[in-house]
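J.:
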Amino acid sequence: MIQTLRQREDVVLYDKILSVPEEESRQVAVFLQQEYESEAASYPYNAPPYDAAAALWAATIVYLSAQLILYRAHGVTELAALLPAYAGGQTPSAILSADLCLRFVPAMLIQLQLLDPDDALIPILQGFIQQWHYSGLAHLKDAANLNFEVVTADPCLHQLYADRIVAHRKSAWAKHVDFQQLISANLGAHASAYWPEFSLTKNNQ
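In this note's numbering, the protein residues as written are 871 to 1075.
1) Return the first residue and the last residue of the alpha helix (DSSP H) that N1056 is part of.
2) Pull up the distance between the alpha-carbon of L902 and that of S895, whole angstroms please.
3) Note down, in chain order, each residue of its chain lying with its Cβ closer than 6 Å to the Cβ of A922, except the 5 sequence neighbours on either side.
4) When burial is assigned at 16 or more other CB atoms within 10 Å of the CB, is P987 buried or exposed?
5) Between A924 and L949, which are expected to be in contact by the criterion C-beta below 8 Å, what is the C-beta distance as a whole number of angstroms?
6) Count the other CB atoms, across all protein chains shown, that sit within 10 Å of the CB of I965; report buried if there are 16 or more and exposed otherwise.
7) Alpha carbons only, please: which of H1038, R1039, P1066, Q1029 is nearest the one belonging to Q1051?
8) Taking the beta carbon of L940 as the centre, do at least 16 other beta carbons fall within 10 Å, making it buried, or is it exposed?
9) Answer with buried or exposed for R1039, where buried requires no fewer than 16 other C-beta atoms within 10 angstroms of its C-beta.
10) Excluding the 5 residues preceding and the 5 following E909 in the sequence, name in chain order all residues of the same chain whose CB lies nearer than 7 Å to its CB.
11) Just to confirm, are V1020 and W1065 a CB contact at a threshold of 8 Å?
12) In terms of alpha-carbon separation, which member of Y1004, K1011, I931, L1010 lies closest to T1022?
13) Nearest to L1010 by CA position, among Q996, A917, S912, is which residue?
14) Quick check on the DSSP output: what are the complete alpha helix (DSSP H) runs of length 4 or more inside the region 895 to 945, in order along the chain?
15) Going along the chain, which residues of its own chain have a beta-carbon closer than 6 Å to the beta-carbon of I992, five neighbours each way excluded?
16) If you draw a straight line from the alpha carbon of V932 to that of V975, how long is it in whole angstroms?
17) Exposed or buried, what is S915 when buried is set at 16 or more other beta-carbons lying within 10 Å of its beta-carbon?
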């Protein structure tokens, strides 16, 4: 499923399986490393190294979440146990490696909210994208309570985050002190034409 998701942005499930065999986990980890290296070739500055643990955790979260959207026979407590938080720390490597799969969670949330706005899986996935906000940027509404310390400490991740802010036209992020100057420099004289709202925000401050 992960390979199909990455290559076609589509979810294909062949059976109701809520565990991942060890051999399949190894294969997924190798595939995701190849995907990371392919993306990292076009990253600005020096790309952080691939973090296999973070990538595999995110892949497992996305795979099990897709299973749970289609096949549900679990209570809230069981859902939390099936979808644990990442045990490691957030580093630039972990953020970018996990993003290989976590970037698809916002789309999954949209589908869940259409199916059942009260689904117990929704707050769990919202918690993940709130914590891993580089991946959840498209879905999140407010940047006020987010921590950007790890992001701004790494030039590569900082630039990638700024690029994603511009791509999604996230004004609340663009006027944040950790991004405004970088985005302004990136857009330069083209800011008013490319993103008029950003230009107006900057001029009004």
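Every residue gets a Cβ at the ideal spot worked out from N, C-alpha and C, and that includes glycine.
These figures come from a predicted structure and were not determined experimentally.
T.: Reading off the structure:
1) Counting along the chain, the alpha helix (DSSP H) containing N1056 begins and ends at 1050 to 1057.
2) In this model, L902 and S895 are separated by some 10 Å (Cα to Cα).
3) For A922, where only same-chain residues beyond five positions count, the Cβ hits under 6 Å are A899.
4) exposed
5) About 21 Å separates the beta carbon of A924 from that of L949, a gap too long to meet the 8 Å contact definition.
6) buried
7) Q1029
8) exposed
9) R1039 is exposed by the Cβ-count criterion.
10) none
11) no
12) Nearest of Y1004, K1011, I931, L1010 to T1022, Cα basis: Y1004.
13) Each of Q996, A917, S912 was checked against the Cα of L1010, and the nearest Cα belongs to Q996.
14) 922 to 940
15) The beta carbon of I992 lies closer than 6 Å to those of L982 in the same chain, with the five residues before and after it left out.
16) When rounded, the distance between both Cα atoms is 7 Å.
17) One detail in the question is off: residue 915 reads as Tyr in this sequence, not Ser. Exposed is the call here.
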